[in-house]
Amino acid sequence: MANLVDISLLNQAIESFNSASATLTQYYRNLEEKVGRLTEEVEHKKQLLDSILDSIDVGVIFFDGGGVIRLVNSAAERLLTIRAEKIIGGDSFRASLNGEVIVPENGKPFYALVSRSDVCDREGNSIGHVVLFKDVTRLKQLEAENERNRRLTAMGELVLKIAHEIRNPLGSIELFASLLAGDLKGTEHGEYASRISNSVRYLVNSLDNMLRFSKEIKPASQVCCINEIIGEICREFGELFPEERIQFHLSEEGRYWLPVDRGLIRQAMINIILNSVQAIPDRGEIRVRIYAPGDQENPLEGKRGGADGKPAFVALSIKDNGIGMDEETQTRIFEPFFSTKDRGTGLGMSITSGIISAHRGTIAVRSSAGKGTEFTIRLPAKG
Numbered sequence: 001m002a003n004l005v006d007i008s009l010l011n012q013a014i015e016s017f018n019s020a021s022a023t024l025t026q027y028y029r030n031l032e033e034k035v036g037r038l039t040e041e042v043e044h045k046k047q048l049l050d051s052i053l054d055s056i057d058v059g060v061i062f063f064d065g066g067g068v069i070r071l072v073n074s075a076a077e078r079l080l081t082i083r084a085e086k087i088i089g090g091d092s093f094r095a096s097l098n099g100e101v102i103v104p105e106n107g108k109p110f111y112a113l114v115s116r117s118d119v120c121d122r123e124g125n126s127i128g129h130v131v132l133f134k135d136v137t138r139l140k141q142l143e144a145e146n147e148r149n150r151r152l153t154a155m156g157e158l159v160l161k162i163a164h165e166i167r168n169p170l171g172s173i174e175l176f177a178s179l180l181a182g183d184l185k186g187t188e189h190g191e192y193a194s195r196i197s198n199s200v201r202y203l204v205n206s207l208d209n210m211l212r213f214s215k216e217i218k219p220a221s222q223v224c225c226i227n228e229i230i231g232e233i234c235r236e237f238g239e240l241f242p243e244e245r246i247q248f249h250l251s252e253e254g255r256y257w258l259p260v261d262r263g264l265i266r267q268a269m270i271n272i273i274l275n276s277v278q279a280i281p282d283r284g285e286i287r288v289r290i291y292a293p294g295d296q297e298n299p300l301e302g303k304r305g306g307a308d309g310k311p312a313f314v315a316l317s318i319k320d321n322g323i324g325m326d327e328e329t330q331t332r333i334f335e336p337f338f339s340t341k342d343r344g345t346g347l348g349m350s351i352t353s354g355i356i357s358a359h360r361g362t363i364a365v366r367s368s369a370g371k372g373t374e375f376t377i378r379l380p381a382k383g
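If you count by the UniProt record's numbering, then the sequence shown holds residues 1 to 383, one letter each, in order.
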């Protein structure tokens, strides 16, 4: 009887052990699953953090409490031109991240905006610090450009003020030289006075270019004989330059009256002819032609543009046999401040283009290096 009781107790013990073992096994499996989920969650958060750090354009480097680098993002690798694995575990970049300019080992120095922050655990204990840095070289360049533009603006205002002040006495010099040339007409001194008057007039034209560039071009148009304006300019240039230097030829295929601002058209023509004069190094010629575009040149702009028989457009051609232009110069000739000469403001042809456009006209250039240049202006014959 006692043996049966012992066997019964042993069976109960075995069943209890098996039950406890099964419970422990299930608990272990549950714990293992929980650890797996937590591990996946931690890995997911780590990947998310890595993605965030690698997606920003700010360099991020984390130093532990001992100053050893433990984390480097992609932007930091790019800015410092070095792989993360080469600096993680060391402290070689701590010194180089101090100051406004960062000098990478294998890269170009750059201006950086650097900030540092302590990193603490949940109990508030410091566990290291993180350094953030961003390349602000372009910002520095823009600040420098802005300062330079500010100074240029101030200088431009001063130049315009001086131009205004100089223009008036130059106008008086031109007037008195012109009167003196009239009184001494036919004499050598009269010729000198005439050249002084013309030279001052073209200096005034350069000042007018500067003043014109600073404000909007608004023509005060009146019906004028374009032949008289062009003829007057050609005579003045002929007096200014001797025939053995430059010969001026004027061809008129008719007389045309156009609604133009006489002063503005005069300024535009002087700019073009001066450009041609400067393109002739020694001896040469400038041919100016006034005509109505014919049917062969443009079928849509025939000589008879309306019922009154007047042309729709009148053309002015200024052609020289100077050094010519390459393709790039032709493309940029009407840009403000563009010039192939050491002297000059580079405003003349830009102002000319603006004047012609303000008259609802067009201007074109055709040139070949070493073969001369031709400018063609088309102005509407009706307002």
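Backbone N, C-alpha and C fix where the C-beta goes; we use that ideal spot for every residue, glycine too. What you are looking at is a predicted structure, and each value in this text was computed from that prediction instead of being measured.
Which of helix, strand or coil DSSP assigns to residue i
i	result
glutamate 253	coil
serine 126	strand
leucine 184	coil
alanine 369	coil
phenylalanine 248	strand
phenylalanine 63	strand
proline 219	coil
glutamate 374	strand
arginine 266	helix
aspartate 91	coil
threonine 340	coil
isoleucine 102	strand
aspartate 54	helix
lysine 134	strand
isoleucine 280	coil
alanine 381	coil
isoleucine 323	coil
First through last residue of the alpha helix (DSSP H) which encompasses residue i
i	result
leucine 347	Note, leucine 347: premise wrong, no alpha helix (DSSP H); not H, not E.
glutamate 237	A quick correction: the sequence has phenylalanine, not glutamate, at residue 237. Here the alpha helix (DSSP H) through phenylalanine 237 covers 226 to 240.
valine 314	From DSSP, valine 314 is part of no alpha helix (DSSP H) but of the beta strand (DSSP E) over 313 to 320.
isoleucine 82	Unbroken run through isoleucine 82: none, as it is neither H nor E.
arginine 332	327 to 332
When the options are compared against residue i, the one with the closest alpha-carbon
i	options	result
lysine 161	Ser117, Ser214, Phe63 and Leu184	Ser214
arginine 195	Pro242, Asn227, Arg150 and Ser172	Pro242
arginine 138	Leu158, Tyr111, Asn125 and Ser126	Tyr111
proline 341	Glu285, Gly182, Pro281 and Ile363	It is lysine, not proline, that sits at residue 341 in the sequence shown. Nearest C-alpha to lysine 341: Pro281.
proline 380	Arg70, Asp135, Ile265 and Val103	Ile265
arginine 83	Glu100, Gln247 and Ile61	Ile61
leucine 113	Lys140, Gln26 and Thr329	Lys140
alanine 268	Ser350, Ala177 and Ser19	Ser350
proline 311	Ala292, Leu179 and Asp326	Ala292
serine 251	Asn125, Ile290 and Glu216	Ile290
serine 367	Gly65, Ala181, Asp326 and Leu180	Asp326
phenylalanine 248	Thr25, Arg283, Ala364 and Gly107	Arg283
isoleucine 246	Glu253, Ala279, Thr376 and Gly263	Ala279
valine 277	Leu170, Thr373 and Leu207	Thr373
aspartate 261	Phe375, Leu170 and Gly354	Gly354
threonine 81	Ile102, Asp64, Gly348 and Arg70	Ile102
isoleucine 377	Val119, Val365 and Arg167	Val365
alanine 163	Ile127, Leu24 and Asn209	Asn209
arginine 212	Thr352, Leu179 and His129	Thr352
leucine 347	Leu316, Leu207, Gly370 and Ser221	Leu207
valine 288	Ser339, Ile229 and Val72	Ile229
histidine 129	Thr23, Arg78, Ile87 and Gly65	Gly65
Residue i burial status per 10 Å Cβ neighbour count (16 or more: buried)
i	result
asparagine 146	exposed
aspartate 320	buried
asparagine 117	Reading off the sequence, residue 117 comes out as serine, not asparagine. Serine 117 is exposed by the Cβ-count criterion.
aspartate 57	exposed
glycine 67	exposed
histidine 359	buried
arginine 201	buried
valine 131	buried
proline 109	exposed
alanine 177	buried
glycine 89	exposed
aspartate 121	exposed
asparagine 125	exposed
phenylalanine 237	buried
isoleucine 52	exposed
valine 119	exposed
Run of the beta strand (DSSP E) containing residue i, from where it starts to where it stops
i	result
isoleucine 290	284 to 291
alanine 112	110 to 120
arginine 70	69 to 72
- Item | Contact between the region 268 to 288 and the region 225 to 239 (3+ Cβ pairs under 8 Å) | yes
- Kindly confirm or deny that the region 220 to 229 and the region 249 to 263 touch, where touching means at least three C-beta pairs closer than 8 Å. yes
- Would the region 185 to 201 and the region 148 to 157 be scored as touching if the rule is three or more Cβ pairs under 8 Å? no
- Query: Would you say the region 321 to 334 touches the region 238 to 252, given that touching needs at least three Cβ pairs under 8 Å?
  - Reply: no
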